[in-house]
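Protein chains in written order, with this note's numbering: chain A, 3 to 441; chain B, 3 to 441.
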């Protein structure tokens, strides 16, 4: 042990306390692997008076994260505050500009300002590490940025949000509706009081934006991500897709296409035979396809105090050992501009769920609309009124019609569905879920 | 692009040609990620006259790998010759001693001489990278050494040999016996003409020895690995275990126990619900359990020209970017001595298959022997003579008796089986397969 690295931790919530505990509990292994001692010299958090179950004696308490970021008594600034703007951003920028290495778990910050922050880190010749920002303890940042660095990647497909996967898994296994499972998840702490950020897909999109950059060597571009959440998924959908050999997962997908890179986050039908179909509950998984590596899949705990702390400490050890690569794998100036593939040009298979008025000719009229767009149907399941849909507003019955559609351009499908809606044969808006077969 | 790294490749077999092709095909991405140009300046192989489908014009041909290893015109020596002794070892030692970085895919070399070679690399302040030595393109070396560096690891369990997994998968899916499937695998190039090295578990053991070191921070100790191959697995076993909810995989297992670290390679019963049960054909997978990360599983192509080349190039890019860590994660002098846990102290569940003479009291006598050792039986499947075992030497019938045994010490089980054999109620040696429930 010839030297000692001093850490300043900003944010002592779940993850901050986890990092503290890990550093104490695995002290011996961490110091041996780091090749030096690591010491938390200063911390800051909103409230000094909370009992966090850790002993802060001998550690300097700083009230302001920005002040901590520029302190002389730290070598590495560990940002565990969160949020894409405000204090987290200001503190990280300050730390980098003062020549401090930065380790962060802040996916929102990276997704929105990663290009700029990486450039600042480069300029000051310091590290900006963020393994904890994506998929908890799963070393996916390192695997994409380093382990698969020689591959031309064609796709990255991930289950990146534990809350959504937990809800979808519970809905499927217990036959309960979305709102019901969400409410339970909130009570059990698996979902936030305001769950929009998770269930709307924003959290997945933040992570996807980072992975896309690393996989394709293009600038981070969060705003180009096509986004749908899981709020509209129904029991009827889950049952129908299961019968057809699929489950539903919220996926983050980045695919290289002829027209650019597709980045999308939405519920997807995944074949039950796919390894991703087996990822249940709060677990995460990422599948990467490289032209030499073939398909590599990583899975594990995607969140939580301990897994996230595991990734933060790995990033710190990487700094101690001097892994001197650029934060985004190459110089920011050498990243390609992100070229967006338009979603309407997306080609794939689709599940379509329709609540059809129980009238003569309705189904035939619908089939005709698909035919006009040259869309061929792989399978159709048609059922009489079920207990959930009941009688419709016109007093007539409804039929649930579920369709699986072959490879088709999304634009054509949207066209067909618009015509079907305009024809007035359906009682609700059509439900469309993309089928993901790349994994 | 401010500089250029010169590569010398020793060995132009499948992998060497793969590295050459990858470097050409993904040139742009590789150079961008490496931050510099990479150029193959010199090569050596046994035969200069073979058409390998690559253009060696302008590349210096060297007849001797050791000469190449000390050449002035290379910065990185890429050893793709193979073999634990002889020219590969001498060349790698020479390269390191001459201050050249080394990248190798040679698992046998690392398993036998990794400690010594890492020490030489340290002394000369150069890299010794070997991602390609374990599980092809799967970044498991990097994940263990770096991504999970902060964890106290409790277990590493892997399917590490594609040939064995291919044979076991085929045996299970097609109902054919070992010798039959092996012969087919040889015809199709999935198994070597002399398959001993793969099917005997040696290849898996080489890889396991490396992973154990990285996972537990102990010196590589190949010779301490308990080793059984898959040659004795029968259709009868496969069918019986499937009925009981298991499949059979050749696993490399390293587990921390109270008495030391268990390292073992043998066929194992894996619950059909385990993610490892789904790894079919020539694929590899590794599950690592860390005290903070939880269980992380990586899977993908474990061998072959392209996946192996992917790992070799990743290692080269790591050198170009200056990832300055010690080859074995920490200084060799700081690795703990490997402390072996004795297999007879191993505790676990077991499958036992017995061909029992069809005589009154035989099964009762066997059950008594287990009882004497206080071994409780979880399930018993007893069947009359089947077509495979036929009549026994004494002219009487045989019964197939299959037992699943609860957690017990291996020493007690071996004792019971020895007594059962001595009693003379069984027609063949007992077949014992360990159950792996850590994954």
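For glycine and all other residues, C-beta sits at the position ideal for the given N, C-alpha and C.
Original post:
Per DSSP, what kind of secondary structure is residue 176 of chain B in: helix, strand or coil?
Top reply: Assignment of residue 176 of chain B by DSSP, reduced to helix, strand and coil, places it in the helix class.
Give me the subset of the segment 293-306 of chain B whose CB atoms are less than 9 Å from a CB atom of chain A, sorted by chain position. Cβ contacts with chain A come from 293, 294, 295, 296, 297, 298, 299, 300, 301, 302, 303 and 306.
*Interface residues of chain A around residue 163 of chain B at Cβ under 8 Å?*
By Cβ distance, chain A contributes nothing, its closest Cβ being about 17 Å from residue 163 of chain B, past 8 Å.
Can you find the residues in the same chain that come closer than 7 Å, C-beta to C-beta, to residue 114 of chain B, ignoring five residues on each side of it along the sequence? Within the same chain, residue 114 of chain B has close Cβ partners 86 and 224.
task: Keeping to the same chain, check which residues put their C-beta closer than 6 Å to that of residue 64 of chain B; ignore five residues upstream and five downstream.
output: Cβ neighbours of residue 64 of chain B within its own chain (closer than 6 Å, five residues either side excluded): 44, 46 and 70.
Exercise. Indicate, with yes or no, if the ligand ATP has a heavy atom lying under 7 Å from the CB of residue 109 of chain A.
Key: The ligand content of the structure shown is nil, which means the ligand ATP is not present either.
| query | Looking only at C-alpha atoms, which of B:124, B:126, B:92 and B:102 sits nearest to residue 111 of chain B? | reply | Nearest of B:124, B:126, B:92 and B:102 to residue 111 of chain B, Cα basis: B:92.
Q. Any Cβ of chain B within less than 8 Å of the Cβ of residue 112 of chain A?
A. It does not; no Cβ of chain B falls within 8 Å.
Q. Residue 434 of chain A bridges to which residues according to DSSP?
A. DSSP lists A:354 as partners of residue 434 of chain A.
Applying the 10 Å Cβ sphere with the 16-neighbour rule, what's the burial state of residue 198 of chain A? Classification of residue 198 of chain A: exposed, given that the 10 Å Cβ count is below 16.
Can you give the Cα-Cα distance for residue 285 of chain A and residue 439 of chain A, rounded to whole angstroms? The alpha-carbon atoms of residue 285 of chain A and residue 439 of chain A are separated by roughly 20 Å.
- Task: Below 8 Å on the Cβ atoms is my guess for residue 208 of chain B versus residue 264 of chain B; work out the distance and round it to an integer in Å.
- Result: About 17 Å separates the Cβ atoms of residue 208 of chain B and residue 264 of chain B, ruling out a contact at the 8 Å cut-off.
Checklist entry - Is the CB of residue 19 of chain A under 8 Å away from at least one CB in chain B? => result Residue-level contact by beta carbon fails for residue 19 of chain A and chain B, as no gap is shorter than 8 Å.
Hey, does residue 286 of chain A have any beta-carbon neighbour from chain B nearer than 8 Å?
-> Not one chain B Cβ lies under 8 Å of residue 286 of chain A.
- Query: Which bits of chain B does residue 377 of chain A rub up against, with CB to CB less than 7 Å?
  - Reply: Those do not exist, as residue 377 of chain A stays about 33 Å from chain B at its closest Cβ, beyond 7 Å.
Margin query: Tell me which residues share the same chain as residue 202 of chain B and place their Cβ nearer than 6 Å to its Cβ, disregarding the 5 neighbours each side in the sequence.
Written below: If we look at residue 202 of chain B and ignore the five residues flanking it on each side, its Cβ neighbours are 231.
field: Amino acids of chain A, ordered along the chain, whose beta-carbon sits closer than 9 Å to that of residue 251 of chain B
entry: Neighbours of residue 251 of chain B on chain A: none; closest Cβ ~16 Å, over 9 Å.
What is the rounded straight-line gap between the Cα of residue 436 of chain B and the Cα of residue 377 of chain B?
Rounded to whole angstroms, residue 436 of chain B to residue 377 of chain B spans 15 Å at the Cα level.
Presumed contact (8 Å Cβ cut-off) between residue 371 of chain B and residue 402 of chain B, rounded CB distance
So it is not a contact: roughly 18 Å between Cβ atoms.
Between residue 200 of chain A and residue 193 of chain A, which are expected to be in contact by the criterion C-beta below 8 Å, what is the C-beta distance as a whole number of angstroms?
Confirmed, about 6 Å.
| said: So, for residue 364 of chain B: in the same chain, excluding its five sequence neighbours on each side, which residues have a beta-carbon less than 7 Å away from its beta-carbon? | reply: 358 and 427.
message: Using the Cβ count rule (16 or more neighbours within 10 Å means buried), how would you classify residue 301 of chain A?
response: Buried: at least 16 other Cβ atoms inside 10 Å.
Point to revise | Secondary structure, beta strand (DSSP E): runs of 3+ residues fully inside the segment 235-320 of chain B | key: For secondary structure counted as the beta strand (DSSP E) over 3 or more consecutive residues, the segment 235-320 of chain B holds these complete runs in sequence order: 248-259, 262-273, 285-292 and 296-303.
Check your understanding: Mind checking whether residue 338 of chain A and residue 220 of chain A have CB atoms under 8 Å apart?
Key -> In contact: residue 338 of chain A and residue 220 of chain A (Cβ atoms closer than 8 Å).
May I ask which residues mark the beginning and end of the beta strand (DSSP E) holding residue 372 of chain A? Looking at the DSSP string, residue 372 of chain A is not in any beta strand (DSSP E); the run it does join, the alpha helix (DSSP H), is 364-374.
*In the structure shown, what three-state DSSP assignment does residue 82 of chain B receive?*
Of the three classes helix, strand and coil, the one that applies to residue 82 of chain B here is coil, per DSSP.
Problem - the segment 309-326 of chain B in contact with the segment 27-41 of chain B per 3-pair CB rule at 8 Å - result: In short, these stretches touch, since the Cβ pair count reaches three.
Endpoints, alpha helix (DSSP H) assigned at residue 36 of chain A = For residue 36 of chain A, the enclosing alpha helix (DSSP H) has its first and last residue at 29-36.
Worksheet entry | Spatial neighbours of residue 306 of chain A in its chain, beta-carbon cut-off 7 Å, leaving aside the 5 residues before and after | The residues are 138.
Note to self: Between which residues of its own chain and residue 227 of chain B is the CB-CB distance below 7 Å, once the five residues before and five after are set aside?
What the structure shows: Only 207, 210, 211, 265, 266 and 267 meet the Cβ criterion.
With 8 Å set as the bound, which would you pick, yes or no: does the beta-carbon of residue 24 of chain A sit closer than that to a beta-carbon of chain B? With 8 Å as the cut-off, residue 24 of chain A counts as an interface residue toward chain B.
* Should residue 77 of chain B go down as buried or exposed, given a rule of 16 or more other Cβ atoms within 10 Å for buried? -> By the 10 Å Cβ count, residue 77 of chain B comes out buried.
*Should residue 167 of chain B and residue 32 of chain B be called a contact, given that it needs their Cβ atoms to be closer than 8 Å?*
No; because the gap between Cβ atoms is not below 8 Å, this pair is not in contact.
- Mind checking residue 204 of chain B: buried by the 16 CB within 10 Å criterion, or exposed? Flag for residue 204 of chain B reads buried.
- [ ] Assign residue 60 of chain A to buried or exposed, taking buried as 16 or more other Cβ atoms, counted over all protein chains shown, within 10 Å of its Cβ.
- [x] Burial check for residue 60 of chain A: the Cβ neighbour count within 10 Å stays below 16, so the residue is exposed.
Are the beta-carbon atoms belonging to residue 90 of chain A and residue 117 of chain A less than 8 Å from one another?
Taking C-beta atoms as the reference points, residue 90 of chain A and residue 117 of chain A fail to come closer than 8 Å.
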